[in-house]
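As C-alpha coordinates, the structure follows; a few thoughts come after it.
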Amino acid sequence: MAIYIKHEIKLNVTLAAFQLLDSHMWLVATALDRTDIGHVHHRRSSTGQSWILDSNQDRRLVVERFLNRRQAPCPQCSWGMEEKAAAGAGCREPPGPPRAAAVPCFGISVDQDDILPGALRLIRELRPHWKPQQVRTKRFTDGITNKLVACYVEEDMRDCVLVRVYGERTELLVDRESEVRNFQLLRAHGCAPKLYCTFQNGLCYEYMRGMALGPEHIREPRLFRLIALEMAKIHTIHANGSLPKPILWHKMHNYFTLVKNEINPSLSADVPEVEVLERELAWLKEHLPQLDSPVVFCHNDLLCKNIIYDSTKGHVRFIDYEYAGYNYQAFDIGNHFNEFAGVNEVDYCRYPARETQLQWLRYYLQAQKGMAVTPREVERLYVQVNKFALASHFFWALWALIQSQFSTIDFNFLRYAVIRFNQYFKVKPQVSALEMPK
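Residue 997 in my numbering sits at position 396 of the sequence shown; the count goes up by one each step and never skips.
Below you can see the structure in the form of C-alpha coordinates.
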(Lines of atoms letter the chains of each structure in order from A and count residues from 1; the text may use other names and numbers.)
(Lines give C-alpha, C1' and ligand atoms only; values in the text may rest on other atoms or scores of the structure.)
Protein backbone atom coordinates (compact mmCIF):
# COMPACT_ATOMS: atom_id res chain seq x y z
CA MET A 1 0.00 0.00 0.00
CA ALA A 2 1.61 3.23 -1.12
CA ILE A 3 1.18 6.33 1.05
CA TYR A 4 2.24 9.82 0.03
CA ILE A 5 3.03 12.33 2.75
CA LYS A 6 4.62 15.79 2.80
CA HIS A 7 8.33 16.20 2.04
CA GLU A 8 7.61 13.98 -1.00
CA ILE A 9 8.33 10.78 0.90
CA LYS A 10 6.88 7.60 -0.52
CA LEU A 11 6.47 4.70 1.90
CA ASN A 12 5.75 1.26 0.50
CA VAL A 13 4.65 -0.47 3.68
CA THR A 14 1.72 -2.29 5.23
CA LEU A 15 -0.36 0.31 7.06
CA ALA A 16 -1.36 -0.53 10.62
CA ALA A 17 -2.71 2.68 12.14
CA PHE A 18 -2.78 6.44 12.25
CA GLN A 19 -2.76 8.17 15.59
CA LEU A 20 -3.22 11.84 16.35
CA LEU A 21 -1.71 13.21 19.55
CA ASP A 22 -2.49 16.89 20.12
CA SER A 23 -1.30 18.65 16.99
CA HIS A 24 1.31 15.97 16.28
CA MET A 25 0.77 13.45 13.52
CA TRP A 26 2.17 9.97 13.84
CA LEU A 27 2.32 7.30 11.20
CA VAL A 28 2.57 3.87 12.75
CA ALA A 29 3.31 1.16 10.24
CA THR A 30 3.78 -2.47 11.19
CA ALA A 31 5.53 -4.73 8.73
CA LEU A 32 3.90 -8.16 8.80
CA ASP A 33 6.79 -9.74 6.96
CA ARG A 34 10.27 -8.67 5.89
CA THR A 35 9.09 -8.62 2.30
CA ASP A 36 6.38 -6.10 3.20
CA ILE A 37 8.95 -3.45 3.98
CA GLY A 38 9.93 -1.52 0.89
CA HIS A 39 12.29 1.34 0.32
CA VAL A 40 11.53 4.92 1.15
CA HIS A 41 12.21 6.72 -2.12
CA HIS A 42 13.30 10.20 -1.31
CA ARG A 43 14.11 13.63 -2.63
CA ARG A 44 15.68 16.42 -0.69
CA SER A 45 13.23 18.03 1.70
CA SER A 46 13.10 21.64 2.80
CA THR A 47 15.20 20.68 5.81
CA GLY A 48 17.94 19.25 3.63
CA GLN A 49 17.47 15.72 4.96
CA SER A 50 16.98 12.48 3.06
CA TRP A 51 15.29 9.45 4.52
CA ILE A 52 15.66 5.80 3.57
CA LEU A 53 13.89 2.77 5.00
CA ASP A 54 16.04 -0.18 3.95
CA SER A 55 14.33 -3.47 3.20
CA ASN A 56 17.03 -5.26 5.19
CA GLN A 57 15.83 -3.83 8.48
CA ASP A 58 14.39 -6.25 11.04
CA ARG A 59 10.67 -6.71 11.42
CA ARG A 60 9.67 -4.14 13.93
CA LEU A 61 7.32 -1.29 14.63
CA VAL A 62 8.37 1.53 12.30
CA VAL A 63 7.46 4.98 13.50
CA GLU A 64 7.88 8.17 11.48
CA ARG A 65 6.76 11.40 13.08
CA PHE A 66 6.09 14.34 10.81
CA LEU A 67 5.85 17.80 12.33
CA ASN A 68 7.35 21.20 11.81
CA ARG A 69 8.94 21.68 15.21
CA ARG A 70 10.68 18.34 15.71
CA GLN A 71 11.08 14.82 14.36
CA ALA A 72 11.20 11.54 16.26
CA PRO A 73 14.06 9.07 15.98
CA CYS A 74 14.20 6.57 13.14
CA PRO A 75 13.24 2.97 14.00
CA GLN A 76 16.75 1.90 14.97
CA CYS A 77 16.98 4.85 17.36
CA SER A 78 13.52 4.52 18.91
CA TRP A 79 13.03 4.87 22.63
CA GLY A 80 11.61 2.41 25.12
CA MET A 81 8.31 1.75 26.81
CA GLU A 82 8.50 4.77 29.10
CA GLU A 83 8.08 7.16 26.20
CA LYS A 84 5.24 5.13 24.67
CA ALA A 85 3.41 5.09 27.98
CA ALA A 86 3.82 8.85 28.29
CA ALA A 87 2.49 9.37 24.76
CA GLY A 88 -0.46 7.10 25.43
CA ALA A 89 -1.31 9.11 28.54
CA GLY A 90 -1.48 12.28 26.47
CA CYS A 91 1.74 13.81 27.82
CA ARG A 92 3.20 16.45 25.57
CA GLU A 93 6.73 15.41 26.56
CA PRO A 94 7.96 12.03 27.79
CA PRO A 95 9.74 11.84 31.13
CA GLY A 96 13.52 11.80 31.26
CA PRO A 97 15.99 13.66 29.04
CA PRO A 98 14.99 15.61 25.90
CA ARG A 99 14.10 13.49 22.89
CA ALA A 100 16.94 13.02 20.41
CA ALA A 101 16.55 14.40 16.91
CA ALA A 102 15.77 12.01 14.08
CA VAL A 103 18.77 10.44 12.38
CA PRO A 104 18.87 10.40 8.56
CA CYS A 105 19.82 7.11 6.94
CA PHE A 106 21.58 7.32 3.56
CA GLY A 107 21.72 4.51 1.03
CA ILE A 108 25.45 4.94 0.56
CA SER A 109 28.10 2.27 0.99
CA VAL A 110 31.68 3.39 1.60
CA ASP A 111 34.55 1.27 0.32
CA GLN A 112 36.74 0.23 3.26
CA ASP A 113 39.83 0.26 1.07
CA ASP A 114 39.09 3.65 -0.49
CA ILE A 115 37.15 5.65 2.09
CA LEU A 116 37.49 9.21 0.79
CA PRO A 117 35.13 9.12 -2.25
CA GLY A 118 32.28 7.69 -0.19
CA ALA A 119 33.02 10.00 2.72
CA LEU A 120 32.83 13.03 0.43
CA ARG A 121 29.47 11.83 -0.95
CA LEU A 122 28.16 11.81 2.61
CA ILE A 123 29.59 15.28 3.25
CA ARG A 124 27.69 16.61 0.23
CA GLU A 125 24.50 15.41 1.94
CA LEU A 126 25.36 16.61 5.45
CA ARG A 127 27.16 19.86 4.58
CA PRO A 128 25.79 20.95 1.17
CA HIS A 129 27.12 24.48 1.74
CA TRP A 130 30.72 23.25 1.86
CA LYS A 131 32.63 23.65 -1.39
CA PRO A 132 34.00 20.20 -2.34
CA GLN A 133 37.43 21.56 -3.25
CA GLN A 134 37.78 23.09 0.23
CA VAL A 135 37.00 19.95 2.22
CA ARG A 136 39.99 18.64 4.14
CA THR A 137 40.33 15.13 5.47
CA LYS A 138 42.30 13.43 8.22
CA ARG A 139 42.61 9.68 8.74
CA PHE A 140 42.69 8.21 12.25
CA THR A 141 44.65 4.99 12.62
CA ASP A 142 44.28 4.13 16.32
CA GLY A 143 41.06 2.14 16.00
CA ILE A 144 41.20 -1.65 15.72
CA THR A 145 37.53 -2.30 14.92
CA ASN A 146 36.57 0.33 12.32
CA LYS A 147 38.09 2.86 9.94
CA LEU A 148 37.67 6.57 10.65
CA VAL A 149 38.18 9.78 8.70
CA ALA A 150 37.51 13.41 9.70
CA CYS A 151 36.10 15.87 7.16
CA TYR A 152 36.27 19.62 7.79
CA VAL A 153 36.82 23.00 6.16
CA GLU A 154 38.18 25.33 8.82
CA GLU A 155 41.69 24.80 10.20
CA ASP A 156 40.45 24.70 13.81
CA MET A 157 38.04 21.83 12.92
CA ARG A 158 35.25 23.73 14.67
CA ASP A 159 32.70 22.04 12.42
CA CYS A 160 34.05 18.59 11.72
CA VAL A 161 32.21 15.46 10.61
CA LEU A 162 33.65 12.07 11.50
CA VAL A 163 32.87 9.30 9.03
CA ARG A 164 33.24 5.85 10.55
CA VAL A 165 33.22 2.80 8.31
CA TYR A 166 32.48 -0.51 9.98
CA GLY A 167 35.27 -3.08 9.91
CA GLU A 168 35.05 -6.27 7.88
CA ARG A 169 32.58 -8.78 9.38
CA THR A 170 32.23 -6.74 12.57
CA GLU A 171 28.52 -7.52 12.52
CA LEU A 172 29.66 -10.78 14.10
CA LEU A 173 30.89 -8.79 17.09
CA VAL A 174 28.63 -5.75 17.29
CA ASP A 175 24.87 -5.19 17.18
CA ARG A 176 24.80 -2.07 15.00
CA GLU A 177 21.18 -1.17 15.76
CA SER A 178 21.92 -1.29 19.48
CA GLU A 179 24.96 0.88 18.90
CA VAL A 180 22.85 3.62 17.32
CA ARG A 181 20.28 3.42 20.12
CA ASN A 182 23.06 3.65 22.70
CA PHE A 183 24.55 6.63 20.87
CA GLN A 184 21.21 8.44 21.00
CA LEU A 185 20.64 7.50 24.63
CA LEU A 186 24.03 8.80 25.72
CA ARG A 187 23.57 11.96 23.64
CA ALA A 188 20.24 12.63 25.37
CA HIS A 189 22.03 12.47 28.73
CA GLY A 190 24.78 14.87 27.61
CA CYS A 191 27.42 12.13 27.38
CA ALA A 192 27.93 11.81 23.61
CA PRO A 193 28.43 13.98 20.52
CA LYS A 194 25.75 14.55 17.86
CA LEU A 195 24.94 11.66 15.57
CA TYR A 196 24.48 13.12 12.08
CA CYS A 197 23.44 10.07 10.07
CA THR A 198 23.83 6.39 9.43
CA PHE A 199 24.67 4.83 6.08
CA GLN A 200 24.84 1.27 4.80
CA ASN A 201 28.12 0.36 6.46
CA GLY A 202 28.79 3.09 8.97
CA LEU A 203 27.74 6.32 10.61
CA CYS A 204 28.70 10.00 10.79
CA TYR A 205 28.91 12.01 13.97
CA GLU A 206 30.26 15.16 15.55
CA TYR A 207 33.96 15.54 16.26
CA MET A 208 34.54 15.94 19.98
CA ARG A 209 37.22 18.52 20.70
CA GLY A 210 39.95 17.56 23.11
CA MET A 211 42.82 15.13 23.58
CA ALA A 212 42.49 11.37 23.30
CA LEU A 213 44.24 10.00 26.36
CA GLY A 214 47.04 7.46 26.55
CA PRO A 215 48.19 5.03 29.25
CA GLU A 216 50.43 7.72 30.71
CA HIS A 217 47.46 10.07 31.20
CA ILE A 218 44.80 7.87 32.77
CA ARG A 219 46.97 7.10 35.79
CA GLU A 220 47.22 10.80 36.74
CA PRO A 221 44.98 11.45 39.79
CA ARG A 222 43.52 14.68 38.39
CA LEU A 223 42.45 12.86 35.23
CA PHE A 224 41.37 9.52 36.67
CA ARG A 225 39.13 11.43 39.06
CA LEU A 226 37.33 12.93 36.03
CA ILE A 227 37.10 9.49 34.43
CA ALA A 228 35.60 8.01 37.59
CA LEU A 229 33.03 10.84 37.75
CA GLU A 230 32.02 10.39 34.11
CA MET A 231 31.67 6.65 34.48
CA ALA A 232 29.52 7.13 37.58
CA LYS A 233 27.30 9.47 35.54
CA ILE A 234 26.85 6.96 32.73
CA HIS A 235 26.13 4.18 35.21
CA THR A 236 23.09 6.11 36.47
CA ILE A 237 21.29 5.96 33.10
CA HIS A 238 18.11 4.01 33.80
CA ALA A 239 16.54 1.19 31.82
CA ASN A 240 13.07 2.71 31.28
CA GLY A 241 11.62 0.82 34.20
CA SER A 242 12.67 -2.63 32.96
CA LEU A 243 15.02 -4.99 34.75
CA PRO A 244 18.00 -5.22 32.40
CA LYS A 245 20.04 -8.37 32.00
CA PRO A 246 23.82 -8.14 31.67
CA ILE A 247 24.99 -8.55 28.09
CA LEU A 248 28.28 -10.15 29.15
CA TRP A 249 27.28 -13.82 29.05
CA HIS A 250 25.26 -13.60 25.85
CA LYS A 251 28.09 -11.87 24.00
CA MET A 252 30.80 -14.08 25.45
CA HIS A 253 28.84 -17.21 24.54
CA ASN A 254 28.39 -15.94 20.97
CA TYR A 255 32.09 -15.16 20.67
CA PHE A 256 33.06 -18.56 22.05
CA THR A 257 30.70 -20.31 19.62
CA LEU A 258 32.33 -18.49 16.69
CA VAL A 259 35.78 -19.46 17.92
CA LYS A 260 34.73 -23.07 18.42
CA ASN A 261 32.89 -23.55 15.13
CA GLU A 262 34.64 -21.27 12.65
CA ILE A 263 38.13 -20.48 13.87
CA ASN A 264 39.25 -23.50 15.89
CA PRO A 265 41.21 -25.31 13.10
CA SER A 266 43.45 -22.29 12.56
CA LEU A 267 44.19 -21.53 16.22
CA SER A 268 47.80 -20.93 17.16
CA ALA A 269 49.57 -23.38 19.44
CA ASP A 270 49.87 -20.50 21.92
CA VAL A 271 46.08 -20.30 22.30
CA PRO A 272 44.45 -22.58 24.89
CA GLU A 273 42.48 -25.51 23.50
CA VAL A 274 38.77 -25.03 22.98
CA GLU A 275 37.96 -27.46 25.78
CA VAL A 276 40.02 -25.34 28.19
CA LEU A 277 38.26 -22.17 27.05
CA GLU A 278 34.86 -23.79 27.49
CA ARG A 279 35.77 -24.84 31.02
CA GLU A 280 36.99 -21.35 31.93
CA LEU A 281 33.88 -19.72 30.51
CA ALA A 282 31.72 -22.00 32.65
CA TRP A 283 33.83 -21.13 35.71
CA LEU A 284 33.41 -17.39 35.13
CA LYS A 285 29.66 -17.72 34.62
CA GLU A 286 29.34 -19.73 37.82
CA HIS A 287 31.44 -17.56 40.14
CA LEU A 288 31.14 -13.94 39.02
CA PRO A 289 27.34 -13.49 39.39
CA GLN A 290 27.71 -14.54 43.03
CA LEU A 291 29.51 -11.24 43.68
CA ASP A 292 26.20 -9.34 43.29
CA SER A 293 27.68 -6.55 41.20
CA PRO A 294 24.84 -4.20 40.14
CA VAL A 295 23.74 -4.22 36.51
CA VAL A 296 24.06 -0.69 35.11
CA PHE A 297 24.44 1.00 31.74
CA CYS A 298 28.09 0.45 30.81
CA HIS A 299 30.48 1.62 28.12
CA ASN A 300 32.22 -1.80 28.16
CA ASP A 301 35.19 -0.67 26.05
CA LEU A 302 36.84 2.15 27.95
CA LEU A 303 40.34 1.96 26.55
CA CYS A 304 42.52 5.05 26.68
CA LYS A 305 41.76 6.38 23.19
CA ASN A 306 38.03 6.23 23.91
CA ILE A 307 38.45 8.95 26.55
CA ILE A 308 38.60 12.56 25.36
CA TYR A 309 39.89 15.21 27.75
CA ASP A 310 38.78 18.81 27.16
CA SER A 311 41.17 20.99 29.15
CA THR A 312 39.16 24.15 28.43
CA LYS A 313 36.05 22.69 30.09
CA GLY A 314 37.86 20.54 32.63
CA HIS A 315 35.98 17.33 31.86
CA VAL A 316 36.30 14.05 30.00
CA ARG A 317 33.85 12.40 27.62
CA PHE A 318 33.76 8.85 26.35
CA ILE A 319 33.45 7.96 22.67
CA ASP A 320 32.69 4.81 20.63
CA TYR A 321 29.63 3.00 21.96
CA GLU A 322 29.73 -0.21 19.90
CA TYR A 323 29.93 -2.44 22.94
CA ALA A 324 27.82 -0.32 25.29
CA GLY A 325 24.85 -1.82 27.07
CA TYR A 326 23.60 -2.97 30.43
CA ASN A 327 26.27 -4.98 32.18
CA TYR A 328 27.91 -5.57 35.53
CA GLN A 329 29.22 -2.38 37.11
CA ALA A 330 32.41 -4.17 38.16
CA PHE A 331 33.07 -5.36 34.60
CA ASP A 332 33.09 -1.82 33.23
CA ILE A 333 35.54 -0.63 35.88
CA GLY A 334 37.72 -3.76 35.79
CA ASN A 335 37.86 -3.56 32.01
CA HIS A 336 39.05 0.04 32.25
CA PHE A 337 41.74 -0.91 34.77
CA ASN A 338 42.99 -3.57 32.34
CA GLU A 339 43.32 -0.86 29.70
CA PHE A 340 45.96 0.88 31.81
CA ALA A 341 48.30 -1.61 30.11
CA GLY A 342 47.67 -0.15 26.64
CA VAL A 343 46.76 -1.84 23.36
CA ASN A 344 49.58 -1.51 20.84
CA GLU A 345 52.35 -2.08 23.38
CA VAL A 346 50.70 -4.02 26.19
CA ASP A 347 52.48 -3.83 29.55
CA TYR A 348 50.65 -5.14 32.60
CA CYS A 349 53.22 -3.58 34.88
CA ARG A 350 51.05 -0.50 34.35
CA TYR A 351 47.98 -2.17 35.84
CA PRO A 352 46.92 0.18 38.67
CA ALA A 353 48.29 -0.66 42.10
CA ARG A 354 45.91 -1.36 44.95
CA GLU A 355 46.20 2.15 46.43
CA THR A 356 45.54 3.75 43.05
CA GLN A 357 42.49 1.57 42.58
CA LEU A 358 41.13 2.37 46.02
CA GLN A 359 41.46 6.10 45.36
CA TRP A 360 39.78 5.74 41.95
CA LEU A 361 36.96 3.65 43.41
CA ARG A 362 36.43 6.13 46.23
CA TYR A 363 35.96 8.95 43.70
CA TYR A 364 33.51 6.77 41.79
CA LEU A 365 31.42 5.74 44.78
CA GLN A 366 31.26 9.27 46.18
CA ALA A 367 30.04 10.56 42.82
CA GLN A 368 27.50 7.76 42.57
CA LYS A 369 26.15 8.13 46.10
CA GLY A 370 26.60 11.88 46.52
CA MET A 371 28.12 11.40 49.96
CA ALA A 372 31.13 10.03 51.78
CA VAL A 373 31.65 6.27 51.58
CA THR A 374 33.08 3.79 54.05
CA PRO A 375 36.33 1.84 53.60
CA ARG A 376 34.26 -1.35 53.55
CA GLU A 377 32.25 -0.11 50.55
CA VAL A 378 35.44 0.72 48.68
CA GLU A 379 37.03 -2.63 49.56
CA ARG A 380 33.93 -4.51 48.44
CA LEU A 381 34.00 -2.82 45.04
CA TYR A 382 37.76 -3.45 44.80
CA VAL A 383 37.22 -7.20 45.13
CA GLN A 384 34.36 -7.21 42.62
CA VAL A 385 36.30 -5.16 40.09
CA ASN A 386 39.43 -7.31 40.15
CA LYS A 387 37.45 -10.51 39.80
CA PHE A 388 35.46 -9.11 36.87
CA ALA A 389 38.73 -7.97 35.29
CA LEU A 390 39.27 -11.68 34.62
CA ALA A 391 36.13 -11.71 32.48
CA SER A 392 37.45 -8.67 30.61
CA HIS A 393 40.65 -10.53 29.67
CA PHE A 394 38.66 -13.54 28.51
CA PHE A 395 36.13 -11.45 26.56
CA TRP A 396 38.68 -9.47 24.57
CA ALA A 397 40.87 -12.52 23.95
CA LEU A 398 37.91 -14.26 22.27
CA TRP A 399 37.14 -11.04 20.38
CA ALA A 400 40.72 -10.81 19.13
CA LEU A 401 40.66 -14.41 17.87
CA ILE A 402 37.61 -13.57 15.76
CA GLN A 403 39.21 -10.36 14.50
CA SER A 404 42.37 -12.26 13.55
CA GLN A 405 40.26 -14.28 11.13
CA PHE A 406 38.26 -11.50 9.48
CA SER A 407 39.67 -8.00 10.09
CA THR A 408 41.54 -6.11 7.37
CA ILE A 409 42.98 -3.63 9.88
CA ASP A 410 46.76 -3.71 10.27
CA PHE A 411 46.98 -5.08 13.81
CA ASN A 412 48.30 -8.37 15.18
CA PHE A 413 45.05 -9.64 16.69
CA LEU A 414 46.34 -13.16 17.30
CA ARG A 415 49.26 -11.85 19.34
CA TYR A 416 46.85 -9.66 21.31
CA ALA A 417 44.60 -12.66 22.03
CA VAL A 418 47.56 -14.65 23.34
CA ILE A 419 48.59 -11.74 25.61
CA ARG A 420 45.10 -11.45 27.10
CA PHE A 421 44.74 -15.20 27.66
CA ASN A 422 48.19 -15.35 29.27
CA GLN A 423 47.31 -12.51 31.65
CA TYR A 424 44.01 -14.19 32.52
CA PHE A 425 45.70 -17.40 33.62
CA LYS A 426 48.53 -15.52 35.33
CA VAL A 427 46.34 -13.44 37.65
CA LYS A 428 43.47 -15.88 38.14
CA PRO A 429 44.93 -17.63 41.25
CA GLN A 430 45.60 -14.43 43.21
CA VAL A 431 42.36 -12.78 42.12
CA SER A 432 40.35 -15.87 42.99
CA ALA A 433 41.81 -15.73 46.50
CA LEU A 434 40.40 -12.24 47.15
CA GLU A 435 37.59 -12.30 49.70
CA MET A 436 34.72 -9.90 50.15
CA PRO A 437 34.96 -7.83 53.35
CA LYS A 438 32.87 -9.03 56.28
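Just so you know, even glycine gets a beta-carbon here, dropped at the ideal spot from N, CA and C.
Keep in mind that this is a model prediction, so the values were computed, not measured.
Quick one: residues in its chain with C-beta nearer than 6 Å to the C-beta of D757, no 5 flanking neighbours on either side, listed in chain order?
-> none
Where G943 falls: helix, strand or coil (DSSP) | Note: G943 maps to coil in three-state DSSP.
Mind checking which residues open and close the alpha helix (DSSP H) that includes R880?
-> V875 to H888
Give a yes or no on whether the C-beta atoms belonging to L773 and I1003 are separated by under 8 Å.
-> yes
DSSP state of D743, grouped into three classes?
-> Here D743 sits in coil by DSSP.
Could you tell me which residues DSSP pairs with Y806 in its beta bridges?
-> Listed as beta-bridge partners of Y806 by DSSP are L763 and L796.
Y927 beta carbon less than 8 Å from that of P976 = no
Buried or exposed for K1039, please, with buried defined as at least 16 other CB atoms from any protein chain shown within 10 angstroms of its CB.
-> exposed
What is the DSSP secondary structure of M812, reduced to helix, strand or coil?
-> strand
Tell me where the alpha helix (DSSP H) around I909 begins and ends.
-> Where I909 is concerned, there is no enclosing alpha helix (DSSP H), although the beta strand (DSSP E) it sits in stretches over I908 to D911.
Nearest-angstrom beta carbon gap, L727 and Y797 [assumed within contact, 8 Å] = 5 Å
Those residues which DSSP pairs with A751 across a bridge | K739 and L763
Could you have a look at H900 and say whether DSSP puts it in helix, strand or coil?
-> coil
For the alpha helix (DSSP H) holding N1040, just list the boundary residues, first then last.
-> The first residue shown for the chain is 602 and the last is 1039, placing residue 1040 beyond what the model contains.
Give a yes or no on contact between the stretch 862-877 and the stretch 898-917, applying the rule of three or more CB pairs nearer than 8 Å.
-> no
Closest residue to D948 among N907, N1023 and D712 (Cα-Cα distance) | N1023
Would you kindly work out how many angstroms separate the C-alpha atoms of Q1031 and V896, rounded to a whole number?
-> 25 Å
Give the DSSP bridge partners of R918, in chain order.
-> According to DSSP, R918 shares a beta bridge with I909.
Since V750 and V764 are thought to touch, with beta carbons under 8 Å apart, how far apart are those beta carbons, to the nearest angstrom?
-> 5 Å
Roughly how many angstroms lie between the CA atoms of E597 and G935, to the nearest whole one?
-> Not covered by the structure: residue 597. The range shown for the chain is 602 to 1039.
Relative to the alpha-carbon of F996, which residue among E780, P794, C706 and K852 has its alpha-carbon at the smallest distance?
-> Among E780, P794, C706 and K852, the Cα nearest to that of F996 belongs to K852.
Applying the criterion that 16 or more other CB atoms from any shown protein chain within 10 Å of the CB defines a buried residue, is Q734 buried or exposed?
-> exposed
From the DSSP output, which residues share a beta bridge with F707?
-> Note: F707 sits in a beta bridge opposite F800.
Boundaries (first-last residue) of the beta strand (DSSP E) holding G926 | G926 to Y929
Is the stretch 903-910 close to the stretch 811-827, with three or more CB pairs under 8 Å?
-> At 8 Å Cβ cutoff, the stretches touch.
Backbone CA spacing between V766 and Q1006 [nearest angstrom] = 19 Å
In its own chain, which residues sit with a C-beta less than 8 Å from the C-beta of Y952, not counting the 5 before and 5 after it?
-> F938, N939, F941 and A942.
Any idea if K732 is buried or exposed, counting beta-carbon neighbours within 10 angstroms, 16 or more meaning buried?
-> exposed
Can you list, in chain order, the residues of its chain whose CB lies under 7 Å from that of I1020, leaving out five sequence neighbours each side?
-> Hits under 7 Å: V947.
Check whether the Cβ atoms of L830 and Y924 sit closer than 8 Å, and answer yes or no.
-> Taking a C-beta distance under 8 Å as the contact criterion, L830 and Y924 do not qualify as a contact pair.
Should the stretch 775-791 be regarded as contacting the stretch 738-745, the criterion being three or more beta carbon pairs within less than 8 Å?
-> Contact between the stretch 775-791 and the stretch 738-745 is not established, with fewer than three Cβ pairs separated by less than 8 Å.
Hey, quick one: how far does the alpha helix (DSSP H) through K834 stretch, first residue to last?
-> P822 to I835
Would you say G768 and N783 are within 8 Å of each other, going by their C-beta atoms?
-> no
Alpha carbon of I835 to alpha carbon of I1010, nearest angstrom | 30 Å
If you count every other CB in all the chains shown that lies within 10 Å of the CB of R770, and 16 or more means buried, which is it?
-> exposed
H854 - containing alpha helix (DSSP H), residue span = L849 to L859
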